[in-house]
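So in the numbering used here, spot 127 of the first sequence is number 724, and the numbers just go up one at a time.
Here the structure is laid out as structure tokens; the discussion comes afterwards.
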Amino acid sequence: MLTADFFARDAVTVAQELLGCTLWHGDAGGIIVETEAYTDDPASHAVLRGPRGQLMRETYGRLYVYLIYGMYYCLNFTTDTRGPGAVLIRAIAPTHGIESMQARTPRPMPVHELARGPGRLCRALGIGREHNGEQIGRRVCLQPRATVPPIASSPRIGITQGRDLLWRFFIPNEPSVSRFR
DNA sequence: CAAGTGATTAGCT
DNA sequence: GCTAATCACTTGT
């Protein structure tokens, strides 16, 4: 099981090393296939002066969960002992608890679409506000990867600033990776 | 391609 | 205190 010290390093390193690991909540779980790194760049919530930025600046190895666009949650893990950092989990390839995931979706979906995209991922795993600030391993758990997967990178998605940074990481040819615009 | 959704935040008073 | 803008998305046309 991965513990907090895994997240003591910088977000870009952690984002790449999370690919291939298995993410669990309850009986639902899957392999992480897409991540994004955030540090102290303008697209990062670390610039926010409120509790959001504080969690990202002052903790590591904890969950950072927030509501976006009024309807969806996004799951991050805070990183870095020395400065702001977080890794957004954008997609997993479901392996366990498919029935639980299907039960949380409004309509039946193909398995590879259940947790494709950060909003869908949280819906599939049943992760919401109540997990914000929680220590990794308490309810949401991570299992180390067995082998190192191939890794590709691109600009991060949906942001207006920091487009030059290639801080989105994904496993090529994985159907659960969100479509690149 | 546009709309829906509500918490959070910055910038005022 | 109050208000308007913003938002690391998804879905349906």
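Backbone N, C-alpha and C define an ideal beta-carbon position, used for all residues, glycine too.
Helix, strand or coil at SER785 according to DSSP, with G and I counted as helix: Not covered by the structure: residue 785. The range shown for the chain is 598 to 778.
Residues near PRO769 by beta carbon distance below 6 angstroms, same chain, minus five either side: One-based indexing of the first sequence puts residue 769 at position 172. PRO747 and ALA749.
Beta-ladder partner(s) of PRO691, from DSSP: For the purposes of this step, residue 691 is taken as the residue at position 94 of the first sequence. PRO691 is bridged to GLY627.
For CYS719, the three-state DSSP class (helix, strand or coil): Taking the first residue of the first sequence as 1, we reach residue 719 at position 122. Correct three-state label for CYS719: helix.
Other residues of its chain near VAL609: CB distance less than 7 angstroms, five sequence neighbours each side excluded: Walking along the first sequence from the start, residue 609 turns up at place 12. Once the five neighbours on either side are set aside, the close Cβ partners of VAL609 are ALA634 and TRP764.
Presumed contact (8 angstroms Cβ cut-off) between ARG659 and GLY755, rounded CB distance: Here residue 659 corresponds to residue number 62 of the first sequence, with the count starting at 1. Here residue 755 corresponds to residue number 158 of the first sequence, with the count starting at 1. About 23 angstroms; that fails the 8 angstroms criterion.
One or two residues paired with SER750 in a DSSP bridge: Here residue 750 refers to the residue found at position 153 when the first sequence is read from its first residue. Beta-bridge pairing links SER750 to PHE766.
Cβ contact (3+ pairs, closer than 8 angstroms) linking the stretch 708-726 and the stretch 635-649: no
Distance between beta carbons of PHE674 and ILE733, contact taken as under 8 angstroms: On the first sequence, position 136 is the one that residue 733 refers to. On the first sequence, position 77 is the one that residue 674 refers to. That pair is a contact at about 6 angstroms.
GLN740 - partner residues in DSSP beta bridges: The residue labelled residue 740 in the question sits at position 143 within the first sequence. Partner(s): THR619.
Separation of ARG726 from ARG606, as counted between CA atoms: Position 9 of the first sequence, counted from the first residue, corresponds to residue 606. Position 129 of the first sequence, counted from the first residue, corresponds to residue 726. The alpha-carbon atoms of ARG606 and ARG726 are separated by roughly 25 angstroms.
CB of SER751 within 8 angstroms of CB of ALA688, strictly: Taking the first sequence and counting its residues from 1, the one referred to as residue 751 is at position 154. Taking the first sequence and counting its residues from 1, the one referred to as residue 688 is at position 91. For SER751 and ALA688, no; Cβs fall outside 8 angstroms.
Among THR636, ASP624 and LEU620, the one whose alpha carbon lies nearest that of VAL630: Locating residue 630 in the first sequence gives position 33, counting from the first residue. The shortest Cα separation from VAL630 among THR636, ASP624 and LEU620 belongs to LEU620.
Cβ shell of LEU711 (< 6 angstroms), same chain only, five flanking positions each side left out: In the first sequence, the residue the question calls residue 711 occupies position 114. So the qualifying residues of the chain are PRO691, MET698 and ALA721.
Cβ-heavy atom distance, LEU652 to the ligand ATP, below 7 angstroms: In the structure on display, the ligand ATP does not appear, and there are no ligands present to speak of.
Reference THR757; option with closest CA among PRO639, LEU599, GLY617 and GLY626: In the first sequence, residue 757 corresponds to position 160, counting from 1. The candidate whose alpha carbon is nearest that of THR757 is PRO639.
Identity of the residues DSSP links to ARG606 by a beta bridge: As a position in the first sequence, residue 606 is number 9, starting the count at 1. According to DSSP, ARG606 bridges with nothing at all.
Backbone secondary structure at ALA568 - three-state DSSP: Because the chain is modelled from 598 through 778, residue 568 falls outside the range shown and cannot be assessed.
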